[in-house]
Structures are given as structure tokens and as C-alpha cells.
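When the letters of the sequence shown are read in order and numbered with the numbering used here, they come out as residues 9 to 99.
Cβ coordinates follow ideal geometry from the N, Cα and C atoms, glycine included.
Read through the structure below, which is laid out as C-alpha cells, and then see the notes.
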Amino acid sequence: MLVLKHVEREIENTVQLQDLLAHLRETTSQVEDILFKDIYFMKAKKEFILFLECDSEKSYHEWREICPPPPGANDWYEVLLTKNEHFPELG
């Protein structure tokens, strides 16, 4: 499954971005079955989206325990299922 984690927070420069990417790689490596794929930015908004690949929502929640959103930032997530995850009978 894919998880899109939205975070309302502005990344102001490339130094902050590099620090965040290093932190994400470190924290996702601590949880089995979760992989940080990329980061995206909403046009004209102070928001970014983390693109994560997870075996289960449980993996995401385990990771979020060690990597909560920055202080004062709102966050939420969406789960995207593959066709086989949505229709397991397809095999």
C-alpha cells in the first residue's frame, strides 16, 4: 500500500530540505516494512506530502510514533491500495 502523509509546514530552504530527508531516511529505516519514496510540495501552499510505501497501516503508525509531525504542524494521511489489495480475490 501507498501512504501519502500531508504536513502543513513550509520548508524554507534546501538546508531544511536536506535535514528533513536525512531524518526521514533514518527514521523509516528503524521500522520494518516501510519505505520512504519521495517528497512532494503543494503548489502555492505551505504543505508537503511524503510518499511512503508500507506493508500495512500498522507499519505507518509505528513509524509515526518515532517521527511525529513538527511542533505546531497539522498532519493527516491517505492510504492508496493497489487493485490486488482492494480486490484480494484477483490474486
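TODO: Could you pull the start and end residues of the beta strand (DSSP E) that Val-11 belongs to?
DONE: 10-16
Open item on the list: Here's the rule: buried if 16 or more other CB atoms are within 10 angstroms of the residue's CB, otherwise exposed. What is Ile-58?
Closed with: It should be pointed out that residue 58 corresponds to Leu in this sequence rather than to Ile. By the neighbour-count rule (16 or more Cβ atoms within 10 Å), Leu-58 is buried.
Open item on the list: Can you check which of these residues, Thr-35, Leu-28, Phe-95, Glu-18, is closest to His-69 by C-alpha distance?
Closed with: Thr-35
- [ ] Let me know if His-14 comes out buried or exposed under the rule of 16 or more other beta-carbons within 10 Å of its beta-carbon.
- [x] buried
TODO: Output the distance between the C-alpha atoms of Glu-65 and Val-87, rounded to the nearest integer angstrom.
DONE: 8 Å
Open item on the list: For Pro-78 and Ile-19, what's the separation of their Cα atoms in angstroms?
Closed with: 11 Å
Task: Asn-21, DSSP secondary structure in three states - done: coil
Task: Nearest to Val-39 (by Cα), restricted to the options Trp-84, Asn-82, Arg-72, Glu-97 - done: Arg-72
Task: Rounded separation between Asp-46 and Glu-97 - CA only - done: 30 Å
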